[in-house]
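*Asks:* Have a look at the structure that comes next, please.
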Amino acid sequence: MLPLHSPPLWRQIQRKNFTNIEKLLEFLQLPPELSAKVLKKNSFPLNLPLRLAEKIPKGTIDDPIFRQFVPLVEEEMTGSEGFSCDPLLENSFKKTPRLLHKYHGRVLLVTTGSCAMHCRYCFRRHFDYFPEPTFTEEYQLIADDPSVNEVILSGGDPLSLSDKTLRTLLENLSAIPHIKKIRFHTRFPIGIPERIDDEFIALLNSCRLRIWFVIHCNHPNELDEDVSNALERIQKSGIVILNQSVLLKGVNDTPETMAALCQLLVDKGIVPYYIHQLDKVEGAAHFEVPEREGLQLIEKLRRLLPGYAVPRYVREVGGDLHKTPLESS
Ligand SMILES: *Cc1c(COP(=O)(O)O)cnc(C)c1O
Ligand code: SF4
4 MLPLHSPPLW
14 RQIQRKNFTN
24 IEKLLEFLQL
34 PPELSAKVLK
44 KNSFPLNLPL
54 RLAEKIPKGT
64 IDDPIFRQFV
74 PLVEEEMTGS
84 EGFSCDPLLE
94 NSFKKTPRLL
104 HKYHGRVLLV
114 TTGSCAMHCR
124 YCFRRHFDYF
134 PEPTFTEEYQ
144 LIADDPSVNE
154 VILSGGDPLS
164 LSDKTLRTLL
174 ENLSAIPHIK
184 KIRFHTRFPI
194 GIPERIDDEF
204 IALLNSCRLR
214 IWFVIHCNHP
224 NELDEDVSNA
234 LERIQKSGIV
244 ILNQSVLLKG
254 VNDTPETMAA
264 LCQLLVDKGI
274 VPYYIHQLDK
284 VEGAAHFEVP
294 EREGLQLIEK
304 LRRLLPGYAV
314 PRYVREVGGD
324 LHKTPLESS
């Protein structure tokens with residue numbers, strides 16, 4: 004029998020993440036001329052689950068998983084036009100360092116700074132986080148505002164928190180009468196599907212509030228059988244899963260790849276919700292796809308897919324009252 008204090012399996016798996024660039028380069032068997040393109044030191048460190056690293060073919064950097072998670076020297080190109088450290092002007096919507104109230108009816112709670120993996124294009128890469136997951140002030144602010152009916156658990160990744168912490172969070176939010184919905188914004192199951200274990204499913208089932216899941220998946224290679232099985236367990240609890248993607252150069256910027264992703268998602272009962280235009284965050288300029296190309300891509304998707312499989316192409320504009328649609332009609 005396992006001792007009671009032994010950490011859950013998913014935590015043990017998480018400890019095997021690649022965080023050392025040299026070790027990863029060795030694992031990927033990159034020749035010196037390609038290793039030279041990899042950034043060795045970074046303030047937003049490498050963090051790559053083993054299972055994702057195993058999906059990268061050896062000896063190449065031309066791979067959608069590689070590009071999303073392995074830092075390239077291009078990250079050091081600074082000063083690209085319009086790129087900054089707080090492109091969404093989120094600082095101006097902060098009620099507390101952890102509570103963002105930007106849109107009507109819903110608030111976003113930055114529950115943790117930790118993620119299962121570090122995505123190189125992440126717009127939160129320059130943020131300061133607060134280690135202690137206690138939210139006393141935030142609960143009070145939410146309770147004091149009856150216009151709020153939905154709390155989005157974001158981060159970082161809320162699934163980085165222990166089930167115990169999540170249980171407390173859900174219980175406290177459930178106690179606020181005007182809160183009807185909890186939304187998880189998570190990429191965790193893509194990197195460590197073992198996170199969706201019996202205990203977590205039991206936690207979801209014990210919550211009186213309606214739960215929605217929004218996962219973040221950018222390429223069909225991310226959605227393998229283990230990931231699908233984990234997501235199916237959530238769906239079998241009666242929870243709808245949506246997906247958001249970021250349009251990324253060299254990852255998913257062809258109509259074929261994006262159509263394959265959307266098709267795969269709807270085959271698994273996951274609704275393609277948003278395709279985000281890249282947030283202009285310093286260090287991510289090499290991922291940018293021009294809007295005009297994004298619009299052409301969406302147009303092609305419309306010809307290939309049923310209407311419900313075509314995501315909304317949006318951009319986040321500081322100060323707008325909703326995500327800004329990029330399509331005119
Ligand atoms: C994206 C976002 C939301 C959620 O927007 P939806 O359109 O409801 O998905 C809420 N708050 C903030 C601060 C956001 O950035
Ligand atoms: S999982 Fe989400 S929050 Fe975490 S690094 Fe990736 S994009 Fe950023």
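In the working numbering, the protein residues as written are 4 to 332.
For each residue, glycine too, the CB sits at the ideal point set by N, CA and C.
Since the model is a prediction, treat every value here as computed from it, not as a measurement.
Have a look at the DSSP bridge pairing and note the partners of Trp-13.
*Replies:* Stepping through the sequence shown from its first residue, residue 13 is reached at position 10. Paired residue(s): none; Trp-13 is not in a bridge.
*Asks:* At which residues does the alpha helix (DSSP H) containing Phe-69 begin and terminate?
*Replies:* Position 66 of the sequence shown, counted from the first residue, corresponds to residue 69. Start and end: 67-72.
*Asks:* Are Leu-234 and Ile-273 closer than 8 angstroms when you measure CB to CB?
*Replies:* To locate residue 234, count along the sequence shown from 1; it is residue 231. To locate residue 273, count along the sequence shown from 1; it is residue 270. Contact: yes.
*Asks:* Out of Leu-28, Leu-33, Lys-184 and Val-76, point me to the one whose CA is closest to Arg-109's CA.
*Replies:* As a position in the sequence shown, residue 109 is number 106, starting the count at 1. Ranking the options by Cα distance to Arg-109, first place goes to Lys-184.
*Asks:* Could you tell me which of Asp-65, Ile-182 and Leu-251 sits nearest to Glu-296, measuring between CA atoms?
*Replies:* Within the sequence shown, residue 296 is the residue found at index 293, counting from 1. Selected option, being the one with the closest Cα: Leu-251.
*Asks:* Alpha carbon to alpha carbon, what distance is there between Leu-212 and Asp-66?
*Replies:* Mapped onto the sequence shown, residue 66 falls at position 63. Mapped onto the sequence shown, residue 212 falls at position 209. Cα to Cα, Asp-66 sits roughly 40 angstroms from Leu-212.
*Asks:* What is the rounded straight-line gap between the Cα of Ile-218 and the Cα of Ser-163?
*Replies:* Along the sequence shown, read from residue 1 onward, the residue named residue 218 stands at position 215. Along the sequence shown, read from residue 1 onward, the residue named residue 163 stands at position 160. The alpha-carbon atoms of Ile-218 and Ser-163 are separated by roughly 14 angstroms.
*Asks:* Helix, strand or coil for Leu-103 per DSSP?
*Replies:* Numbered from its first residue, the sequence shown carries residue 103 at position 100. Note: Leu-103 maps to strand in three-state DSSP.
*Asks:* Do Arg-190 and Ala-119 have their CB atoms nearer than 8 angstroms?
*Replies:* By 1-based counting over the sequence shown, the position of residue 190 is 187. By 1-based counting over the sequence shown, the position of residue 119 is 116. A contact, by the Cβ cut-off of 8 angstroms.
*Asks:* Beta-carbon separation of Glu-330 and Ile-301 under 8 angstroms?
*Replies:* Mapped onto the sequence shown, residue 330 falls at position 327. Mapped onto the sequence shown, residue 301 falls at position 298. Yes, the Cβ-Cβ distance between Glu-330 and Ile-301 is below 8 angstroms.
*Asks:* Quick one: which unbroken alpha helix (DSSP H) runs of 4-plus residues sit fully inside the region 194-240? Chain order, please.
*Replies:* 201-208 and 228-239
*Asks:* Less than 7 angstroms separating the Cβ of Lys-184 from some heavy atom of ligand 1?
*Replies:* As a first step, residue 184 is located in the sequence shown; it is residue number 181 there, counting from the start. It does not: the Cβ of Lys-184 is nowhere closer than 7 angstroms to a heavy atom of ligand 1.
*Asks:* Under a Cβ-count criterion, where at least 16 other Cβ atoms within 10 Å of its own Cβ denotes burial, should Thr-115 be classed as buried or exposed?
*Replies:* Within the sequence shown, residue 115 is the residue found at index 112, counting from 1. The residue is buried, with at least 16 neighbouring Cβ atoms inside 10 Å.
*Asks:* Got a sec, what are the start and stop residues for the alpha helix (DSSP H) Gln-32 sits in?
*Replies:* As a working note, residue 32 is residue 29 in the sequence shown. Premise fails: Gln-32 is in no alpha helix (DSSP H) and is neither H nor E.
*Asks:* Could you check the C-alpha separation between Trp-215 and Val-269 for me, to the nearest Å?
*Replies:* For the purposes of this step, residue 215 is taken as residue 212 along the sequence shown, with counting starting at 1. For the purposes of this step, residue 269 is taken as residue 266 along the sequence shown, with counting starting at 1. Cα-Cα distance, rounded: 16 angstroms.
*Asks:* By DSSP's criteria, His-279 is part of a beta bridge. Which residues make up the other side?
*Replies:* Mapped onto the sequence shown, residue 279 falls at position 276. In DSSP, His-279 forms a bridge with Val-249 and Val-317.
*Asks:* DSSP three-state call for Glu-153: helix, strand or coil?
*Replies:* Locating residue 153 in the sequence shown gives position 150, where the first residue counts as 1. In the structure shown, Glu-153 sits in a strand (DSSP, three-state: E or B).
*Asks:* Between the C-alpha atoms of Phe-96 and Glu-174, what's the straight-line distance to the nearest angstrom?
*Replies:* As a working mapping, residue 96 is identified with position 93 in the sequence shown. As a working mapping, residue 174 is identified with position 171 in the sequence shown. Straight-line Cα distance between these residues: approximately 25 angstroms.
*Asks:* Note down the Cα distance separating Phe-21 from Leu-55, rounded to an integer number of angstroms.
*Replies:* As a working note, residue 21 is residue 18 in the sequence shown. As a working note, residue 55 is residue 52 in the sequence shown. Rounded to whole angstroms, Phe-21 to Leu-55 spans 10 angstroms at the Cα level.
*Asks:* Going by beta-carbon coordinates alone, are Val-113 and Arg-128 separated by less than 8 angstroms?
*Replies:* The residue given as residue 113 occupies position 110 in the sequence shown. The residue given as residue 128 occupies position 125 in the sequence shown. In terms of Cβ geometry, Val-113 and Arg-128 do not form a close pair [threshold 8 angstroms].
*Asks:* At what residues does the alpha helix (DSSP H) containing Ile-145 begin and finish?
*Replies:* Start at 1 with the first residue of the sequence shown, and residue 145 comes out as number 142. From DSSP, the alpha helix (DSSP H) with Ile-145 extends over 139-146.
*Asks:* What is the residue span of the alpha helix (DSSP H) that Arg-295 lies within?
*Replies:* The residue given as residue 295 occupies position 292 in the sequence shown. Looking at the DSSP string, the run of the alpha helix (DSSP H) that includes Arg-295 is 294-307.
*Asks:* By a C-beta neighbour count over all protein chains shown, 10 Å radius and 16 as the cutoff for buried, is Gly-286 buried or exposed?
*Replies:* The count along the sequence shown starts at 1 and reaches residue 286 at position 283. So Gly-286 counts as buried.
*Asks:* Hey, would you say Tyr-277 sits closer than 8 angstroms to Lys-326, going by beta carbons?
*Replies:* For the purposes of this step, residue 277 is taken as residue 274 along the sequence shown, with counting starting at 1. For the purposes of this step, residue 326 is taken as residue 323 along the sequence shown, with counting starting at 1. Yes, the Cβ-Cβ distance between Tyr-277 and Lys-326 is below 8 angstroms.
*Asks:* Taking Glu-140 as the reference, which of Arg-170, Leu-103, His-181 and His-8 has the closest Cα?
*Replies:* Stepping through the sequence shown from its first residue, residue 140 is reached at position 137. For the residues Arg-170, Leu-103, His-181 and His-8, the minimum Cα distance to Glu-140 belongs to Leu-103.
*Asks:* Relative to the C-alpha of Arg-70, which candidate in His-121, Glu-29, Pro-180 and Thr-99 has its C-alpha closest?
*Replies:* Indexing the sequence shown from 1 puts residue 70 at position 67. Looking at the Cα atoms, His-121 is the closest of the given residues.
*Asks:* So is the beta-carbon of Cys-210 under 7 angstroms away from any non-hydrogen atom of ligand 2?
*Replies:* Mapped onto the sequence shown, residue 210 falls at position 207. Cys-210: no, Cβ never under 7 angstroms from ligand 2.
*Asks:* Return yes when at least one heavy atom of ligand 1 lies under 7 angstroms from the C-beta of Glu-235, else no.
*Replies:* The residue given as residue 235 occupies position 232 in the sequence shown. Flag unset: Cβ of Glu-235 not near ligand 1.
*Asks:* State the DSSP-derived secondary structure class of Val-41, mapped to helix, strand or coil.
*Replies:* One-based indexing of the sequence shown puts residue 41 at position 38. Reduced to three states, the DSSP call for Val-41 is strand.
*Asks:* Would you decide whether Cys-88 is buried or exposed? Buried here means 16 or more other CB atoms lie within 10 Å of its CB.
*Replies:* The sequence position of residue 88 within the sequence shown is 85, counting from 1. With fewer than 16 Cβ atoms within 10 Å of its Cβ, Cys-88 is classed as exposed.
*Asks:* My output table needs one value for Ile-185: the three-state DSSP class, helix, strand or coil.
*Replies:* Against the sequence shown, residue 185 aligns to sequence position 182. Strand, per DSSP.
*Asks:* Leaving aside the five residues before and after Phe-47 along the sequence, list all residues of the same chain whose C-beta is less than 7 angstroms from its C-beta, in chain order.
*Replies:* Position 44 of the sequence shown, counted from the start, is the residue given in the question as residue 47. Result list for Phe-47: His-121 and Arg-128, in chain order.
*Asks:* Buried or exposed for Val-230, going by 16 or more other Cβ atoms inside 10 Å?
*Replies:* Here residue 230 is taken as the residue at index 227 of the sequence shown, counted from 1. Val-230 counts as buried, since at least 16 other C-beta atoms from the protein chains shown sit within 10 angstroms of its C-beta.
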